[in-house]
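Numbering (this note's numbering), first residue to last: 11 to 612. From the three backbone atoms N, C-alpha and C, an ideal C-beta is built for every residue, glycine too. Below: the structure, in structure tokens.
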Amino acid sequence: MIPAFMAACWINAGLIALPAVLPASYEIRVQLNDSSRTLAGSQQIRFINPTSQPLESICFHLYPNAFKDTSTVFCRENPRTKSKVASGNIARLDLSEIKLNGIKVQPDNIEISGTLLYMGLPAPLKPGRSIDISMNFELLIPAAMERFGYDSNGNYIISHWYPIICGYQKGELIDREYHSNSEFFSNFSKYDVTVALPADFKFGSTGEFEQISSNDSVAVWHAAADTVIDFAFVCGPRFTVFETDTLGIRLYYMLTPNGVPFYQKTDSITKYSLAYLSDRLFQYPYKNYIVADINSGSQGLELPGLVAVVYSGSGLERTAGILEVTIAHETAHQWFYGMIATNETDDPWLDEGFASYYEDKIIESFGEDIYSINLAGWKIPISSLERNAVLQDKASFPIDMPSWEYPSWGSYSGAVYGRARLVLESLEYFLGQDSFDKAMKDYAVAYRFGHPDSDDLRDVLEASTERELLDFFNMFVKGTARIDYSVESLEFREITGDSILSYLVTVHVKRELDGKLPQVLSVGLADGARIDTLWDGRAKFREFEFRTGSIPEFAALDMVQACPLDENMINNSLYRENWTGRIMAFEWDSIFIIELLASLLL
Numbered sequence: 011m012i013p014a015f016m017a018a019c020w021i022n023a024g025l026i027a028l029p030a031v032l033p034a035s036y037e038i039r040v041q042l043n044d045s046s047r048t049l050a051g052s053q054q055i056r057f058i059n060p061t062s063q064p065l066e067s068i069c070f071h072l073y074p075n076a077f078k079d080t081s082t083v084f085c086r087e088n089p090r091t092k093s094k095v096a097s098g099n100i101a102r103l104d105l106s107e108i109k110l111n112g113i114k115v116q117p118d119n120i121e122i123s124g125t126l127l128y129m130g131l132p133a134p135l136k137p138g139r140s141i142d143i144s145m146n147f148e149l150l151i152p153a154a155m156e157r158f159g160y161d162s163n164g165n166y167i168i169s170h171w172y173p174i175i176c177g178y179q180k181g182e183l184i185d186r187e188y189h190s191n192s193e194f195f196s197n198f199s200k201y202d203v204t205v206a207l208p209a210d211f212k213f214g215s216t217g218e219f220e221q222i223s224s225n226d227s228v229a230v231w232h233a234a235a236d237t238v239i240d241f242a243f244v245c246g247p248r249f250t251v252f253e254t255d256t257l258g259i260r261l262y263y264m265l266t267p268n269g270v271p272f273y274q275k276t277d278s279i280t281k282y283s284l285a286y287l288s289d290r291l292f293q294y295p296y297k298n299y300i301v302a303d304i305n306s307g308s309q310g311l312e313l314p315g316l317v318a319v320v321y322s323g324s325g326l327e328r329t330a331g332i333l334e335v336t337i338a339h340e341t342a343h344q345w346f347y348g349m350i351a352t353n354e355t356d357d358p359w360l361d362e363g364f365a366s367y368y369e370d371k372i373i374e375s376f377g378e379d380i381y382s383i384n385l386a387g388w389k390i391p392i393s394s395l396e397r398n399a400v401l402q403d404k405a406s407f408p409i410d411m412p413s414w415e416y417p418s419w420g421s422y423s424g425a426v427y428g429r430a431r432l433v434l435e436s437l438e439y440f441l442g443q444d445s446f447d448k449a450m451k452d453y454a455v456a457y458r459f460g461h462p463d464s465d466d467l468r469d470v471l472e473a474s475t476e477r478e479l480l481d482f483f484n485m486f487v488k489g490t491a492r493i494d495y496s497v498e499s500l501e502f503r504e505i506t507g508d509s510i511l512s513y514l515v516t517v518h519v520k521r522e523l524d525g526k527l528p529q530v531l532s533v534g535l536a537d538g539a540r541i542d543t544l545w546d547g548r549a550k551f552r553e554f555e556f557r558t559g560s561i562p563e564f565a566a567l568d569m570v571q572a573c574p575l576d577e578n579m580i581n582n583s584l585y586r587e588n589w590t591g592r593i594m595a596f597e598w599d600s601i602f603i604i605e606l607l608a609s610l611l612l
């Protein structure tokens, strides 16, 4: 059965208007030499100054040079990658014949610093004016690691592979070194790409693509992509390509023999994810979308119009829904990384945090208990285990930090994937589901193709919800505030002298940590009635008194929808001063079980 929102997306299909002016247009011509693992060719770029100031130089990312030797910033920060490079698995991007407006650039006008190349201009480039740049290049491709390379099937993932102009955000050049924790940022551009491959290779890329010629040894493919932040492709001899469509989008599943048995799972979750996000945010605007079964050095990798997913591996991938979760997560990136296009280097949480948040939402609505493990016949959602692991970290770092400032992969991923997801879920809890959903759609539509930052997000959310969110952002986005509220006591006594029997119920609540969010205090009565009272949650201690006609059974904070950032939900309730009565006020959920076990074992 097609969910209602999928039908709505189909009926209302219509491409979003794309921005008319792009800062760069690339024409790239390359040929892959499979025996030497090299990609050689040329590119011509027309670059338009997108800022309000004259530019005296242009900066390029040379991402593959992060793996040319062990002295690079990336290798110094990542011992695993450094070891691979030291063993000879290197990448290298070499340039030659660099020209500006047809005139060769002299060496003293070029400065290379790590993975960045700065090219001095013969005269300042005025705002809105263009310049033509051309160059030849050769890429040495490594065995798959850190988001690109060739895998054991002889298939290739070619990403972040050519000299790409550094992006500008709010007029500022984003010329960040390629760090181990950082990902990517660039501006929307237009691409015209021709790739010559061995004749037996399958091909898929960003944009629209077709084979334009072939002979016994070489096949030539052409791809065109408009208004995308990057261009990538996959190719190789060990793909089986399945084609289908949904919501006017042509889908390509490039699967290896390991992946072919999972075609139906791939098809179901891909279509569902695209429909879910098109409905909640804005419609996916491009004609094609590819899911490729290839090892990129990570479980999943997002690229414009293309995601790479590792299908082979442990049985856990096949039984715990990791395949579906990965495709949902990488598909969510198409909006936040690819079309809203936040700055992954400086504001990684705006991409990874939202991809993780919507991954959960997609999986939660897609299928019951799909992402879970079976413990003695009882299914525990893995998201609950992940939540508990994040909370155990005690908010060591804020989520709104530049990627390179986190001291390790663990601290980076814990903040920008894990804690950021919980912060967004807590913001949803604070605003209410409907209000949050509307605000997120307003944000996505306002900044599609817009490169927003954290302040832009807050501005749109405040305008949409008519709520002041500065305190929330200061505490949980820019700060490391933690949440734990508790019910300290539940007492009652009869009120004498009245003709009708009544009771005075007193409840003491406490804010244990520095984070502050409103709380709903619920008092359940023996006659089945319940009293709900809103507490702003700001005071350290608070006493509440109620006059009731029945004996109280329990007192609980946020028993209906507990705040995801609350670090100890066991203390959120009391049942007639009986600690074990907590289960009477709350359902037996996985979060409670995990926290109960942790409290007994740790």
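I need the straight-line Cα distance from residue i to residue j, nearest angstrom please.
| i | j | result |
| --- | --- | --- |
| R86 | T80 | 7 Å |
| L584 | F502 | 13 Å |
| V530 | D537 | 20 Å |
| E354 | D546 | 35 Å |
| A17 | L291 | Residue placement at A17 cannot be trusted, given a pLDDT of 38 that sits under 50; the coordinates are not used to answer. |
| R47 | S224 | 21 Å |
| P408 | I100 | 34 Å |
| S169 | G159 | 8 Å |
| A565 | E435 | 24 Å |
| Y439 | L311 | 30 Å |
| E403 | G428 | Per the sequence presented here, residue 403 reads as Asp, with Glu not at that position. When rounded, the distance between both Cα atoms is 10 Å. |
| T465 | A430 | Per the sequence shown, residue 465 should be read as Asp rather than Thr. Rounded to whole angstroms, D465 to A430 spans 16 Å at the Cα level. |
| S600 | P391 | Bear in mind that a pLDDT of 47 at S600, under 50, signals an unreliable position, so the number given afterwards is only what the model happens to contain. Cα to Cα, S600 sits roughly 7 Å from P391. |
| I141 | N111 | 6 Å |
| R492 | R540 | 29 Å |
| A153 | L42 | 15 Å |
| N191 | Y422 | 7 Å |
| Q274 | E498 | 52 Å |
| I279 | E340 | 11 Å |
| D568 | S413 | 34 Å |
| V433 | K488 | 11 Å |
| L471 | L527 | 17 Å |
Confirm, please, whether the CB-CB distance from residue j to residue i is below 8 Å.
| i | j | result |
| --- | --- | --- |
| I372 | Y513 | no |
| V515 | T543 | no |
| I167 | V244 | yes |
| E156 | G307 | yes |
| Q309 | T336 | yes |
| G214 | F147 | no |
| D494 | D576 | yes |
| A285 | L261 | no |
| V203 | F241 | yes |
| G7 | A234 | Outside the shown range of the chain (11 to 612) lies residue 7, about which nothing can therefore be said. |
| Y36 | I58 | no |
| M264 | K180 | no |
Out of the options, which has the shortest C-alpha to C-alpha gap to residue i?
| i | options | result |
| --- | --- | --- |
| V320 | N165, L149, P60 and F551 | N165 |
| D161 | Q274, F249 and H232 | F249 |
| G348 | A365, S406, L333 and I332 | A365 |
| G138 | F252, N163, E107 and A34 | A34 |
| F70 | E553, G269, V83 and Y128 | Y128 |
| I184 | D494, T352 and P314 | T352 |
| G177 | F483, V570, V519 and F459 | F459 |
| I561 | V533, M579, D568 and E553 | V533 |
| G331 | F376, D463 and E66 | F376 |
| M145 | V40, V301, A425 and R552 | V40 |
| S45 | P74, V317, L150 and S106 | L150 |
| P358 | Y416, Q53, N578 and R521 | Y416 |
| A425 | V400, D447 and G507 | V400 |
My assumption, with CB atoms under 8 Å, is that residue i sits in contact with residue j. Please give the rounded CB distance.
| i | j | result |
| --- | --- | --- |
| L103 | P208 | Actually they do not touch by this definition, with Cβ atoms about 22 Å apart. |
| D694 | T266 | What the structure shows of the chain is the stretch from 11 to 612, and residue 694 is not part of that stretch, so it cannot be assessed. |
| Y453 | L467 | 6 Å |
| G246 | N163 | 6 Å |
| N298 | I239 | That belief does not hold up - the Cβ atoms of N298 and I239 are roughly 16 Å apart, past 8 Å. |
| V205 | W231 | 5 Å |
| D370 | H343 | Actually they do not touch by this definition, with Cβ atoms about 14 Å apart. |
| S496 | N581 | 4 Å |
| V83 | G130 | Not really, about 23 Å apart at Cβ, beyond 8 Å. |
Fully enclosed by the stretch 255–291, which beta strand (DSSP E) runs are 3 residues long or longer? 259–265
Can you list the beta strand (DSSP E) stretches of 3 or more residues lying completely in the stretch 99–178, in chain order? 102–110, 120–123, 126–135, 140–150 and 166–168
With a floor of 4 residues, list each alpha helix (DSSP H) that falls wholly inside the stretch 210–251, ordered by position along the chain. none
Residue ranges of each beta strand (DSSP E) within the stretch 429–470, 3 or longer: none
Runs of beta strand (DSSP E) wholly within the stretch 331–388 (minimum 3 residues, chain order): 382–385
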